[in-house]
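*Asks:*
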Amino acid sequence: MNRPLPRRFHVKSFGCQMNVYDGERMTELLAAEGMTTAASADDADLVVLNTCHIREKAVDKVYSDIGRLRRDDGSRPMVALAGCVAQAEGDEVVRRTRDVDIVVGPQAYHHLPDLVARAARGENAVDTDMPADSKFGALPARRRSGPGAFLTVQEGCDKFCTYCVVPYTRGAEISRPWAAIVDEAKALADAGAKEITLLGQNVNAWTDDSGRGLHDLIEAIALIPAIARIRYTTSHPNDMSDGLIAAHRDIAKLMPFLHLPVQSGSDRVLKAMNRSHDTASYLRVIDRVRAARPDIALSGDFIVGFPGETEAEFAATLDIVDRADYAQAYSFKYSPRPGTPAATMTDQIAPEVMDDRLRRLQAAINARQMAFNQATVGRRTSVLLERKGKLPGQWIGKSPWLQSVHLIGGAIGDLVDVDIVAAGPNSLSGEARA
Ligand code: 5AD
Ligand code: SF4
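Counting from 1 along the sequence shown, just add 108 to a position and that's the residue number in my numbering.
#1: Check S121 in the structure and name its three-state DSSP category.
#2: Could you tell me which residues DSSP puts in a beta bridge with S490?
#3: If you draw a straight line from the alpha carbon of C192 to that of V529, how long is it in whole angstroms?
#4: Is I411 near ligand 1, going by C-beta to nearest heavy atom under 6 angstroms?
#5: What is the rounded straight-line gap between the Cα of L499 and the Cα of L296?
#6: CA-CA distance, A330 and L259?
#7: DSSP beta-bridge partners for H514?
#8: Would you grab the beta carbon distance between G373 and L352 for me? Rounded to a whole angstrom, and I think it's under 8 angstroms.
#9: Straight-line CA distance for R468 to Q482?
#10: Which same chain residues, not among the five before or five after E141, have their C-beta less than 6 angstroms away from its C-beta?
#11: Take the Cβ of G538 as the centre, count every other Cβ of all protein chains shown within 10 Å, and call the residue buried at 16 or more, exposed below.
#12: Under DSSP, the beta strand (DSSP E) around L154 begins and ends at which residues?
#13: Is the closest heavy atom of ligand 1 to the C-beta of Y390 under 6 angstroms?
#14: Can you name the residues that DSSP bridges to E263?
#15: Return the first residue and the last residue of the beta strand (DSSP E) that T341 is part of.
#16: From the DSSP output, in three-state form, read off T305 for me.
#17: Got a sec? Which residues, its chain only, sit under 8 angstroms from R179 by beta carbon, not counting five neighbours each side?
#18: Determine the burial state of E494: buried for a count of at least 16 other Cβ atoms within 10 Å of its Cβ, exposed for fewer.
#19: So, with DSSP's three-state summary, where would you put M186?
#20: My guess is that V156 and K120 are in contact by the Cβ rule of under 8 angstroms, so how many angstroms apart are they, rounded?
#21: Determine, using beta-carbon pairs with one atom in the stretch 458-473 and one in the stretch 412-424, whether at least three such pairs fall under 8 angstroms.
#22: Using only alpha-carbon positions, find the residue among V202, R250, T236, G501 that is nearest to G230.
#23: How do the stretch 401-410 and the stretch 451-458 stand: do at least 3 beta-carbon pairs fall below 8 angstroms, yes or no?
#24: Taking 8 angstroms as the threshold, find out whether the stretch 338-354 comes into contact with the stretch 158-172 through three or more Cβ pairs.
#25: Using only the heavy atoms of ligand 1, determine whether one of them is closer than 6 angstroms to the beta carbon of P72.
#26: Which term fits A388, buried or exposed, when burial requires 16 or more other beta carbons within 10 angstroms of its beta carbon?
#27: Leaving aside the five residues before and after A288 along the sequence, list all residues of the same chain whose C-beta is less than 7 angstroms from its C-beta, in chain order.
#28: Do R163 and ligand 1 come close, with the Cβ less than 6 angstroms from some heavy atom?
#29: Secondary structure at V439, three-state DSSP: helix, strand or coil?
#30: Let me know if S544 comes out buried or exposed under the rule of 16 or more other beta-carbons within 10 Å of its beta-carbon.
#31: For the stretch 506-516 and the stretch 363-371, state whether three or more C-beta atom pairs, one from each stretch, are separated by less than 8 angstroms.
#32: Is it the case that the Cβ atoms of A540 and G517 are separated by a distance below 7 angstroms?
#33: Terminal residues of the continuous beta strand (DSSP E) containing A405?
#34: So the candidates are R396, L391, A399, A225; which of them puts its Cα closest to the Cα of I428?
#35: Under 8 angstroms by Cβ, that's how I've got D130 and Y271 pegged, so tell me the actual separation to the nearest angstrom.
#36: Skipping 5 residues on each side, what residues in its chain have a beta carbon closer than 8 angstroms to that of L426?
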């Protein structure tokens, strides 16, 4: 059945920052085709659901989200399923529902305009290829940016942690070329970005043919005058090179924040997860980073209830929260991902045990986070204003340590000197200095 080409589109992204980045690039791509953005799915004649597959009942949730796009009169917009669920499900999507017109994986979304045209002609529009040619070269240049911008420099993963779906949905590790990244950083700076966060599933594994590493890239981006702050995420402990650690000492624009997931404090569990580091090697990396940058705010990821995790092994996770002294951390209940080795391991942990462990872990993390926030009270620091707060004249910005700071005064995109006057569990209050 033929249908008109859509004119107004809406992109909805779930999951990680790389998906947020991909969502922005898809928006720019569709806009370059002459389509306009719609404020919500209700006003759009093309809806892109940019999905995440990392945890929980991702697939079921996506099918119910698709169902909800149907309108009261029985009509629905053209629907494109993008992201990691699209990659994992592929053709299965069009077998399971007639409510999806386009299926496009994370490495193929530069084909979206063509897929939209095919769908409008009533043709098959499933594209989950992982082509060797880079999608990035086929995307329009960056022209819009807020004060903080994401820039994907690396994608995919070769590490195959036994719980993780990423190597299957995002493919093998690839690094974008140096010049493309530096050009994109300059374009973002021209568009108003003050802070750039370099993204990759293993961002610190970034490298190129001449053997340069992420720290070289950070050094080059630090030379762009309008860029005041640089961050990067997510890193693997084994790829924290000497050069990257030294960059935390030597490059003033590199913010004192490191997201370095450990997942568990038990060496047996880490081995079963195929993490290829143990707790001692992880803590050694942290010590070296702290020696280079004593005020670094450390962040992490944890999984509780990995198959076979005993109470004593979980206690070791609580222990590493204290030993590593996190400023913040994310924690998740283990969720079996179809096709991963851990999904078929025996000794899956009962849901109520996972709930209890997650609660205890989050209490330990929250206590550390509160202590870290309190320790910043009385400091004078810089805050990058990113969005309006709820009160008149109020702004919300980020401290160098990635805390949200509320203050009165200034304008979006300002880097203001601020005295931190109070701390809560999730944010700080500041007073702007003249
Ligand atoms: N179950 C629970 N958490 C997971 N993560 C990745 N895969 C799973 C899974 N199967 C968590 C890890 C990772 C973060 C992005 O998501 O902690 O670092
Ligand atoms: Fe989710 Fe991982 Fe895909 Fe990001 S890469 S959207 S975290 S499954």
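In this text, a Cβ means the ideal position worked out from N, Cα and C, and glycines have one as well.
*Replies:* The relevant details are as follows:
#1: strand
#2: D525
#3: 42 angstroms
#4: yes
#5: 30 angstroms
#6: 14 angstroms
#7: I504, S537
#8: Not confirmed; about 24 angstroms, so no contact.
#9: 21 angstroms
#10: P221
#11: buried
#12: 154-159
#13: no
#14: I282
#15: 337-341
#16: strand
#17: D150
#18: buried
#19: strand
#20: 7 angstroms
#21: yes
#22: V202
#23: no
#24: no
#25: Because the chain in this structure spans residues 109 to 542, residue 72 falls outside the shown range and cannot be described.
#26: exposed
#27: F244
#28: yes
#29: Correcting the residue identity first, residue 439 is Ser in this sequence and not Val. Correct three-state label for S439: strand.
#30: Residue 544 lies beyond the stretch modelled for the chain, which goes from 109 to 542, so this question has no answer here.
#31: yes
#32: yes
#33: 405-412
#34: L391
#35: The pair is not a contact, with the Cβ atoms about 23 angstroms apart (cut-off 8 angstroms).
#36: G373, R468, L469, A472
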